[in-house]
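Residue numbers (our numbering), protein chains in the order written: chain A, -3 to 289; chain B, 343 to 753; chain C, 7 to 346. Every residue gets a Cβ at the ideal spot worked out from N, C-alpha and C, and that includes glycine. Take a look at the structure below.
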Amino acid sequence: MSSKAHKKPLPLTLFITVVLGAWLVLAAFPFLWTLWGSFKVEGDFFSKANWAAALTGELTQTETGGSVTGSGYYGAWIEEEFWRAAWNSTLVCFFVVTISLTLGTLGGYALSRSPHRYAFWFLIIALVFRALPQITLVSGYLPVFFEFNMWGYLPTAIVVLIAINQPFTLWMLHSFFKNIPQDLDESAMVDGCNRFQAFRHVIVPVMWPGVITTGLFSFLLAYNDFAVTTLLLNQDNQTMIPKIGSFLGTTQTKGNVMFAVSAVVSVTAPLFVMILVFQRQIVSGLTAGAVKG
Amino acid sequence: MYSWKNFAATTAFAVLSGTTAMASCGVDAGRVSIVGNEFPAIKTVAAGAASCAGLDVSSNLTADHQKINVAGMSGDPAEYTSAIIANSSVVALINEDVVRPLDDLVAAHGADIPKNQLITIDGKIYAVAFMANAQTLAYRADALEKIGMEPPATYEDMLAAAEKMREMGIAENPIGGAYKAGWNLAEEFVNMYIGHGGEFFKPGSAEVAINNGQGKAALEMMKALTAYMNPDYLTHDSNATNAEMEAGNVMMMNMWGSRMGNLMDDEGAEPEVYENIKVGAPMTVGGGSIPASTLWWDGWTVAKNVSDEDATATFLAMKNGVSPSILTDETMTQAVWMIDGYTPGPVNDGVFAAINMSAQPYPMLPFMGLLHTALGDNIGDFLQGKESAEQALTDIEAAYSSAAKEKGFLQ
Amino acid sequence: MKHKTFFWFVLPSALAMLLFIFLPMVSIVVQSLHVSHEQVIIEVENCGPFGCRQSTTVDQEATESLRDAKPLGQFAGLTTYMDRGHLAVNEVGDAWNAARGWRDFGGRMLNLPFYKAMAFTLTFTFVVTPLVIILGFLIAVAVNSATKLIRGQLIFVSLLPMMITPLVGALILFWMVDARGIVGAFLQDISGDPNLSIKASTPLMWIMLMVYGVWHSAPFAFIVYYAGLQTVNTETLESAMIDGASRAQRIRYVVLPHLLPLTTFIALMQLMDNFRVFEPIISFSASAHATSLSWAIFNDLGGETRQLSSAAATSVLTVIGVIILLTPVLIRTWRDFGRK
């Protein structure tokens, strides 16, 4: 990308810098505001009298004696045992990502290699499945899960998340495999491998970038899901997002809103580390052409 | 499956019972599983039930309880042996026939439950109430003093006081109200319509009858009030309305009795504000004598599809959950308890005033929920001036009728 | 690939979708064709803490035998689809007959819940989708031209709107755009109108929901385009330059065609997701100003009495809507598929 073809004229550079600057402000400002506010009391952060109270923290001063307070974090992590939810989220994310990628790679690979029309229809039907509003699906599950005594447990939520994530995973991985030349696995098959061996020995080594990119989206889905987990998990098995929802509740108990705010800041921290670790893979994954319609 | 379930149940049990001393509840085996809303009073009741020695008690308290309780009680055996509900939500359970009549259990084990706590429908007991609630007046004593007026007894007084406060520059928008489109807005209409003496349905039928003089008057009064509210009123639920009052922007409002404690404590507001917030009786409207407010109770039920042993265990555990033993200094202020030994504080004056003024309970009708939804969806257009009161009432009736046909209440 | 091999490869995936999406979908379609049994209403006396009064209840014994015989309810065909809460066939006919001109007809249509929801849903979809694509592309170009050192951080910050859970993200934004919040106060300042309130005005609420939609989804388009830009063939670009192509021509003839398949993918996903817009309406408490099909489903399921058939019918209509919306894109994919 350092070639002369990309040297830009000054006005264009300026324009691009302005766009980027404006976007960064728009993207980061609400988060920074939240980060700052999570160390204040509710009366300041959600001040109806004057927004500047969130910056100066007058009520924080009178109620806690300092200009910042960690009470939101203490309340969420210690009093309300948010760490339990964090552990549940870790389990859910781990299993959802690994299983849906395993199923998705197998399916996506087959879809990319089949010349038959039914493969296309398979993809279209998967897309139609994705169109169904999640909230309808979940309320359809409830009677069945209660009937079979499956309601409330992590494995149930994991299986549901995997299933409703399949259409997207299949589409994305299908397009990724399409960009891996067919000659690779076909020559392996000429050498006497069967289809699965060819997949294992030839395709698996080169597929990681695309799989990691798809994995990022699966991860975000499992990590941020509210609709499924809030209705399918009982209180002890709650993941982080429904737990945050329960801090808000229908009738907000004093102080609990700040638990939610601090929990949101806490929830974002691991994502920061993850993006920094995986950013090269994410980019190289898509570099290989992961997402071609 | 079974081992997961046991595991979840026993951990919940351990967590809950850690805080309360174990008590004997007159039964030593059985499964108790509670579903209910998540506010503090209900958590107290669930903890009280979990303190029964020898029972296997778990609870799932969540804001989404109404989305899962019918499904969770429909299986056989039901996942939940008890649902904690209010007078608006008990009908959904009775309509689906998932709660059992409690007459036998009351006769055998509940002779000491005061009769007025028993909720009976057609002579059969379906629930036991443990707390009461109602919307009443909350006001700023200092603001009313400045304009030289008594706390409003009617909505007309409230409008006059608001006009004066605006004139004198005490507050730009002195009236508050939980007018958020949806459930809250519908509830305010229900209050106002009852205050005008209206009946929601033709007697003995599911045919709606609100397109009348009282319906129109109720809507007009609501619109008159909104002129003195923050222009964002259609997005304000009771949380946001309380925040407005704590910020010192609102001087008078109609608010839930259960939320008054929050307003009058010293958190989240300047001393000038919280020291002056007082609770008054609910207001009347249009010259009527019945308050424009509804009475609410919260109570517990026992599932139909569970074994008789579990039903007995549930009954006794829940009875223990609402017994005088749960009342401590901390839990005393959580609700207007219907429990012996409960001493009300000044924050509860409003609810008792509502009961004494013989305010009406929220209608416990099988199809009221459908009308509530229709009200919540259609009043906003009228308040914003997009349509006339007649048109809004016609829309509400049409929306209700198509929903009631789908649910089999109308043909 | 042989049929049999294909079968075994897609089996796990297909099974998961069959059990957890297809079967529920069938039951939703069946549900939408049924309504509850006739409920026998009887007058009774109800007693409670606040005294006794005459009331009505459902006669359980009378309805029980009906229910046992047909647990699904009574077959209603397309009645639910045609009623006032959905396609409102009769009401649309009445509006057509009674309307004085197009404007009046439009106003009458917007008074019907389904068409009111469609008006916002379609506006949202067709405004947000192109803006997301354009903004995502611009950010991708900008991040791509930044020095390598800070790109990781830039990517993180750019992805933030997509990563923060909407549950709380929107709650905080809701306070920020309040008339007394930081953004609301800023808007009042620059507009010079001290009474300006986003939450009180329908047009401003629509604009805010769309701004939120673009803000929330732009990172998705950004990350896809950013990766796409990494693979633009440098050799083609350079040879184009040697041939005397201007910058605009190079972008027009080399870069954009390369990104076209990505655009199809983004458009497909965004059209679908925007058509199902739901979360911002709840988070911003906007239902008095804007409703959508997904909101209607939520409203049916979230009331004191759940309207399952109505929610099911709206869900089926949503799926049909998505299919219609995606047809052009799918026809394109079909041709591509045939070519390969």
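Enclosing alpha helix (DSSP H) for THR171 (chain C) [first to last residue] = First-last for THR171 (chain C): undefined, no H or E at that position.
key: Sequence-distant residues of the same chain with beta carbon closer than 8 Å to MET211 (chain C), five excluded per side   = ILE204, LYS205, PHE290, ALA292, HIS295, ALA296
message = Residues of chain C with CB closer than 7 Å to the CB of MET593 (chain B), please, in chain order.
response = Per Cβ cutoff of 7 Å: no residues; MET593 (chain B) is ~17 Å from chain C at best.
key: MET236 (chain A), DSSP secondary structure in three states   = helix
ask   = Would CYS58 (chain C) be called buried (16 or more neighbouring beta carbons within 10 Å of its own) or exposed?
value = exposed
message = Any beta carbon from chain B within less than 8 Å of GLN193 (chain A)'s own beta carbon?
response = no
message = With a threshold of 6 Å on Cβ separation, who are the neighbours of ALA695 (chain B) within its own chain once the five nearest residues in sequence on each side are excluded?
response = ALA623
task = Decide yes or no for the touch test of the stretch 564 to 579 of chain B against the stretch 518 to 527 of chain B: beta carbon pairs closer than 8 Å, at least 3 of them.
result = yes
query = Is the shortest distance between the beta-carbon of SER34 (chain A) and the beta-carbons of chain C less than 8 Å?
reply = no
key: Through-space distance from MET595 (chain B) to MET270 (chain A), alpha-carbon basis   = 48 Å
Interface residues of the stretch 389 to 402 of chain B facing chain A [CB-CB below 7 Å] = ASN402
ask   = Nearest CA to the CA of MET699 (chain B): which residue from B:GLY687, B:ASP579, B:SER631?
value = B:SER631
ask   = Are the stretch 491 to 500 of chain B and the stretch 269 to 289 of chain C touching by the rule of at least three beta carbon pairs closer than 8 Å?
value = no
ask   = Contact check, GLY158 (chain C) vs LEU31 (chain A) under 8 Å by CB: the rounded distance?
value = Between LEU31 (chain A) and GLY158 (chain C) the Cβ distance is about 19 Å, and since that is not below 8 Å, they are no contact.
key: Exposed unless 16 or more other CB atoms sit within 10 angstroms - verdict on VAL32 (chain C)   = exposed
task = State the beta-bridge partners of LEU479 (chain B) as determined by DSSP.
result = B:ASN596, B:GLY622
inquiry  = With a threshold of 6 Å on Cβ separation, who are the neighbours of ALA224 (chain C) within its own chain once the five nearest residues in sequence on each side are excluded?
reply    = VAL138, LEU141, GLY142
ask   = If contact means a Cβ-Cβ distance below 8 Å, which residues of the stretch 34 to 57 of chain A contact chain B?
value = VAL37, GLU38, GLY39, PHE42, SER43, LYS44, ALA45, LEU55
message = Against chain C, does THR283 (chain A) count as a neighbour if the rule is that its beta carbon must be under 8 Å from one of theirs?
response = Below a pLDDT of 50, predicted positions are generally treated as unreliable, and THR283 (chain A), at 48, falls in that range; the measurement from the model is reported next regardless. Cβ-Cβ to chain C under 8 Å: yes for THR283 (chain A).
message = When you compare the CB positions of ALA82 (chain C) and LEU39 (chain C), do they come within less than 8 Å of one another, or not?
response = yes
task = Could you run through the stretch 427 to 453 of chain B and flag, in chain order, every residue whose CB is less than 9 Å away from some CB of chain C?
result = ASN429, SER430, SER431, VAL433, ALA434, ILE436, ASN437, ASP439
query = To which residues of the same chain is LEU179 (chain C) closer than 6 Å at the C-beta, ignoring the five residues directly before and after it?
reply = none
request  = Grab me the residues of ASP342 (chain C)'s own chain with a C-beta within less than 6 Å of its C-beta, minus the 5 sequence neighbours each way, in chain order.
outcome  = none
Delimiting residues of the alpha helix (DSSP H) encompassing GLU241 (chain C) = 240 to 248
message = Can you list, in chain order, the residues of its chain with a C-beta nearer than 7 Å to that of ASP418 (chain B)? Leave out the 5 residues immediately preceding and following it.
response = ASN647
inquiry  = By alpha-carbon positions, which one of A:ASN233, A:TRP47, A:PHE142 ends up nearest to GLY414 (chain B)?
reply    = A:PHE142
ask   = So with Cβ pairs under 8 Å, would you call PHE751 (chain B) a contact of chain C?
value = yes
query = Would SER(-1) (chain A) count as contacting chain C if we go by Cβ distances under 8 Å?
reply = Any reading at SER(-1) (chain A) needs caution, since the residue's pLDDT is 45, under 50, leaving its predicted position unreliable; the model's value is listed next. SER(-1) (chain A) counts as touching chain C.
query = Is the Cβ-Cβ distance between ALA295 (chain A) and PHE41 (chain A) less than 8 Å?
reply = Coverage of chain A is limited to positions -3 through 289, which leaves residue 295 (chain A) absent and any answer about it impossible.
request  = Compare the C-beta of GLN477 (chain B) with all C-beta atoms of chain C and state if any pair is closer than 8 Å.
outcome  = no
query = Can we say the stretch 87 to 101 of chain C touches the stretch 735 to 748 of chain B, given the rule of at least three CB pairs closer than 8 Å?
reply = yes
inquiry  = So that I know if they touch, is there some Cβ in chain C lying closer than 8 Å to that of LEU358 (chain B)?
reply    = Low per-residue confidence applies at LEU358 (chain B): pLDDT is 43, beneath 50, and the placement is therefore not dependable enough to give any value.
request  = Below 8 Å on the Cβ atoms is my guess for ASN52 (chain C) versus THR462 (chain B); work out the distance and round it to an integer in Å.
outcome  = 7 Å
request  = Let me know if SER(-1) (chain A) comes out buried or exposed under the rule of 16 or more other beta-carbons within 10 Å of its beta-carbon.
outcome  = The predicted model places SER(-1) (chain A) with a pLDDT of 45, which falls under 50 and marks its position as unreliable; any figure quoted below should be read in that light. Exposed is the call here.
key: Interface flag, SER743 (chain B) vs chain A, CB-CB below 8 Å   = no
key: Assumed close pair ALA24 (chain A), VAL163 (chain C) - CB separation to whole angstroms, cut-off 8 Å   = 5 Å
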